[in-house]
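*Asks:* Structure incoming, see below.
There are 2 protein chains.
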Amino acid sequence: MSAAPPAPLFARVALIGLGLIGSSIGHALKRGGLAGRIVGHARSEATRSAAMRIGFVDAVTASPQEAVAGADLVILCTPVGTYGALARAIEPALAPGAILTDVGSVKAGVIEAVAPHVPAGVHFVPGHPVAGTEQSGPEAGFAELFDQRWCILTPPPGTDEGAVARLRALWEAMGARVEVMEARHHDLVLAITSHVPHLIAYNIVGTAADLEAVTEAEVIKFSAGGFRDFTRIAASDPVMWRDIFLSNKEAVLEMLGRFVEDLTALQRAIRWGDGAMLEAHFRKTRAIRRQIIEAGQESGAPDFGRHAGAGKPPPER
Amino acid sequence: MSAAPPAPLFARVALIGLGLIGSSIGHALKRGGLAGRIVGHARSEATRSAAMRIGFVDAVTASPQEAVAGADLVILCTPVGTYGALARAIEPALAPGAILTDVGSVKAGVIEAVAPHVPAGVHFVPGHPVAGTEQSGPEAGFAELFDQRWCILTPPPGTDEGAVARLRALWEAMGARVEVMEARHHDLVLAITSHVPHLIAYNIVGTAADLEAVTEAEVIKFSAGGFRDFTRIAASDPVMWRDIFLSNKEAVLEMLGRFVEDLTALQRAIRWGDGAMLEAHFRKTRAIRRQIIEAGQESGAPDFGRHAGAGKPPPER
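Top line first, the protein sequences correspond to chains A and B.
Using this note's numbering, the letters of the first sequence correspond one by one to residues 129 to 445.
Using this note's numbering, the letters of the second sequence correspond one by one to residues 129 to 445.
As structure tokens, then:
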């Protein structure tokens, strides 16, 4: 591409937190020439050095206040449990007219924690890019993470529409599609599409590790029967997930209640040998998979625990 | 490779059932030159024609008796619920000295169903290759499916050791590693590493589809948060899985009971805001993932819903 570089959408972006999502945003901003300058903050010196070495930020600061000073966009990319204290800390340093956003997987709880510390003249637009891998840290990020994925914005009533439009434009420029919804609805949707799946993955991996009749070595050896896939999800960042469950308690407990109710029905069908009920249930779920692939949210290539190069996978169909 | 082709390990192999596993065995036998002749049987004429067209069998027959006549190895590759009737049907046609085996994900129930129909002089050696993808049918198979995966043999006490050794050699020649264990123990191990994971994946996909507050379109759009991975598992063959749950009822209900018990503890920790308990649990499960990757049962490359070619994935680390 030899076209002139696009004008940056923001003059100075502050990334507070430089893990998987923070570093991916840095890479995506660089890829698109979307920020005049990217300043990163992380508590750990090792993370800050890694960020500079990899080059997805232009500068790093040891204090969050210093990072946000003069920024026209501030993005919180730390576990949601840290947001309240962080918002209080950066409050005096936020520039008038700046947009403050985040990437947390919970939205009502985040608004409760952050909104009280947003100074007049600063626009708080909560956000959540629904994308990720099971890896963490500044080395885990890459520019393509958000391509074709959805980013949900949940501006509280009365939020400046210009600020929402600017943030939408930024996410679109980073490759994402944007949807605006109410925070509580977001939390219900994510409870079923993300939080409860993670909880049950963490749970079954724990159950398997605690058995007396089956050794851990056997669980590992024979994991290709399905278990393996759950360990991937259950390898996600523990602190991030602890905070998500604590912050989205109500919606998670509501969805978990339904999950257990439905599981009890399947359990009963197994106990009583109701093959027709089981088969009908298993048929229904295939259709949803097909729709997810059609919607571009997943590859249709069969997964058998290896990626290209490690054994020839069959052609995608 | 210009070396002389290896001598086939079996003169005539009968594949009863030509889906994902049957077709993959056909491909793996051809790859290694392991069978003098491969005769396939499937109930459906469309499947038989597909098998001939793809070429992983040398001949197909409409009757299972005809397929097994004269075979020194017969492999049942149909859903386990069909085994009893199939065994009864082929009983008179089995050649003296032949080895009869299967690929079912349940072993005690299979032995109960098949053993009564095994004529004297025929060696019944139950087997289970722990490998697969979420796809089904004769087009889904490929020769590499068993490479580096485990195949478990569960010969009942008194089984001819020479027959076990021959079958072991065949699976190893098809790329697999072989472990011998007691049938009931196999069923417990697979209940936790495969059957319960599939059940909960089927279950959460069903729960998500039945919500009033969250639309199916939303579930599909935002599936990249974790849900997507469950739909893959929940896309597996419905009849095969119905039969597995019915045949391995006791072990599945036992493991499911433990799963629910552990889930209740996590649910309680969320309700009471016990972050320390959640974090400790989530940390423990990461280690198991690492061991599975080290054991070669999974790639360490991060999964973000795309395979190579569809967006640059980050390097494997």
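Where is the CB? At the ideal position from N, CA and C, for every residue including glycine.
Assign Ile144/A to one of two classes, buried (16 or more other C-beta atoms within 10 Å of its C-beta) or exposed (fewer than that).
*Replies:* buried
*Asks:* Since Val258/B meets chain A, which of its residues come closer than 9 Å, beta carbon to beta carbon?
*Replies:* Listed along the chain, the chain A residues whose CB falls inside 9 Å of the CB of Val258/B are Lys349, Phe350, Ser351, Ala352, Gly353.
*Asks:* Using the C-alpha atoms, what's the distance from Gln263/B back to Ser151/B?
*Replies:* 12 Å
*Asks:* Run the CB neighbour count on Ser191/A, radius 10 Å, all protein chains shown included, and call it buried at 16 or more, exposed below.
*Replies:* exposed
*Asks:* Let me know if Arg417/A comes out buried or exposed under the rule of 16 or more other beta-carbons within 10 Å of its beta-carbon.
*Replies:* buried
*Asks:* So, is Asp230/A buried or exposed, given that buried needs 16 or more other C-beta atoms within 10 angstroms?
*Replies:* buried
*Asks:* Compare the beta carbon distance of Ala448/B and Ile361/B with 9 Å and say whether it is the shorter of the two.
*Replies:* Examination of residue 448/B is not possible in this model, given that chain B is present from 129 through 445 alone.
*Asks:* Could you say which of Asp288/B, Gly225/B, Pro207/B, Pro284/B lies nearest to Ser233/B if we only look at CA atoms?
*Replies:* Pro207/B
*Asks:* Inspect the CB distances between the segment 292–310 of chain A and the segment 379–394 of chain B and report whether three or more fall short of 8 Å.
*Replies:* Output reads no: the segment 379–394 of chain B does not touch the segment 292–310 of chain A.
*Asks:* Output the boundary residues of the alpha helix (DSSP H) element that contains Phe387/B.
*Replies:* 377–399
*Asks:* Looking at the strands, I want to know which residues DSSP matches up with Val188/A.
*Replies:* According to DSSP, which records beta bridges pairwise, Val188/A is partnered with Gly168/A.
*Asks:* Could you tell me whether any non-hydrogen atom of the ligand GTP is closer than 8 Å to the CB of Gly164/B?
*Replies:* Judged by which ligands are present, the structure shown has none, so any question about the ligand GTP falls away.
*Asks:* Could one say the Cβ of Gly403/A lies closer than 9 Å to chain B's Cβ atoms, at least one of them?
*Replies:* Yes - at least one Cβ of chain B is within 9 Å of the one on Gly403/A.
*Asks:* What are the boundary residues of the beta strand (DSSP E) that Val306/A is part of?
*Replies:* Val306/A -> beta strand (DSSP E) spans 305–308.
*Asks:* Where Arg159/A and Arg165/A are concerned, what is the direct C-alpha to C-alpha distance, given to the nearest angstrom?
*Replies:* Rounded to the nearest whole angstrom, the CA to CA distance from Arg159/A to Arg165/A is 13 Å.
*Asks:* Pick out whichever of Glu382/B, Arg216/B, Ala142/B, Leu406/B has its Cα sitting closest to the Cα of Ala393/B.
*Replies:* Leu406/B
*Asks:* Would you kindly check if the distance between the Cβ of Val202/A and the Cβ of Ala213/A is under 9 Å?
*Replies:* Against a cut-off of 9 Å, the Cβ pair of Val202/A and Ala213/A comes out as no contact.
*Asks:* Using the beta-carbon of each residue, which ones in chain B are nearer than 7 Å to Glu219/A?
*Replies:* Near Glu219/A there are no residues of chain B at all, since even the closest Cβ is about 25 Å away, more than 7 Å.
*Asks:* Taking the C-alpha atoms as reference points, what is the distance between Ala139/B and Gly424/B?
*Replies:* 33 Å
*Asks:* Within the same chain, show all residues whose beta-carbon is closer than 6 Å to that of Ala271/B, passing over the 5 residues directly before and after it, in chain order.
*Replies:* His155, Ala156, Arg159
*Asks:* With 7 Å as the limit, tell me which residues of the segment 316–334 of chain A have their beta carbon closer than that to any beta carbon of chain B; keep them in chain order.
*Replies:* Leu316, Val317, Leu318, Ile320, Thr321, Ser322, Val324, Pro325, His326, Leu327, Ile328, Tyr330, Asn331, Ile332, Val333, Gly334
*Asks:* When the Cα of Val253/A is compared with those of Ile153/A, Ser375/A, Pro283/A, Arg356/A, which residue comes out closest?
*Replies:* When each option's Cα is compared against that of Val253/A, the closest is Pro283/A.
*Asks:* Name the chain B residues whose beta carbon is nearer than 7 Å to that of Ala423/A?
*Replies:* Ile348, Lys349
*Asks:* Which residues in chain A sit within 7 Å of Leu339/B, going by Cβ to Cβ distance?
*Replies:* Within chain A, Ile320 have C-beta atoms less than 7 Å from the C-beta of Leu339/B, given in sequence order.
*Asks:* Kindly say whether His435/B, judged by its beta-carbon, lies nearer than 9 Å to any beta-carbon of chain A.
*Replies:* With a pLDDT of 43 at His435/B, under the threshold of 50, the predicted position of this residue should be treated as unreliable, and no value is reported.
*Asks:* Please classify Gln290/B: is it buried, with 16 or more other beta-carbons within 10 angstroms of its beta-carbon, or exposed?
*Replies:* In the sequence as presented, Gln is not what sits at residue 290/B; that position holds Gly. With fewer than 16 Cβ atoms within 10 Å of its Cβ, Gly290/B is classed as exposed.
*Asks:* How would you call Gly183/A, buried or exposed, if buried means at least 16 neighbouring beta carbons within 10 angstroms?
*Replies:* exposed
*Asks:* Could you say which of Arg411/A, Ile398/A, Ile149/A, Gly428/A lies nearest to Ala268/A if we only look at CA atoms?
*Replies:* Ile149/A
*Asks:* Nearest to Val324/B by alpha carbon, out of Val292/B, Trp369/B, Ser351/B, Ile398/B?
*Replies:* Minimum Cα distance to Val324/B is reached at Trp369/B.
*Asks:* If I follow the unbroken alpha helix (DSSP H) through Gly255/A, where does it start and stop?
*Replies:* No alpha helix (DSSP H) holds Gly255/A; the beta strand (DSSP E) holding it covers 255–257.
*Asks:* With C-beta atoms as the reference, is Phe358/B less than 9 Å away from Leu327/B?
*Replies:* Not closer than 9 Å, so no.
*Asks:* Measuring straight from C-alpha to C-alpha, what distance separates Pro136/A and Leu162/A?
*Replies:* 4 Å
*Asks:* Given this structure, state the Cα-to-Cα distance separating His409/B from Ala179/A, to the nearest angstrom.
*Replies:* 29 Å
*Asks:* Report the three-state DSSP secondary structure of Asp288/A (helix, strand or coil).
*Replies:* Here Asp288/A sits in coil by DSSP.
*Asks:* Please go through the same chain and pick out, in chain order, the residues whose beta-carbon is closer than 7 Å to the beta-carbon of Ser364/A, but skip the five residues on each side of it.
*Replies:* Glu262, His326
*Asks:* Determine the burial state of Ser322/A: buried for a count of at least 16 other Cβ atoms within 10 Å of its Cβ, exposed for fewer.
*Replies:* buried
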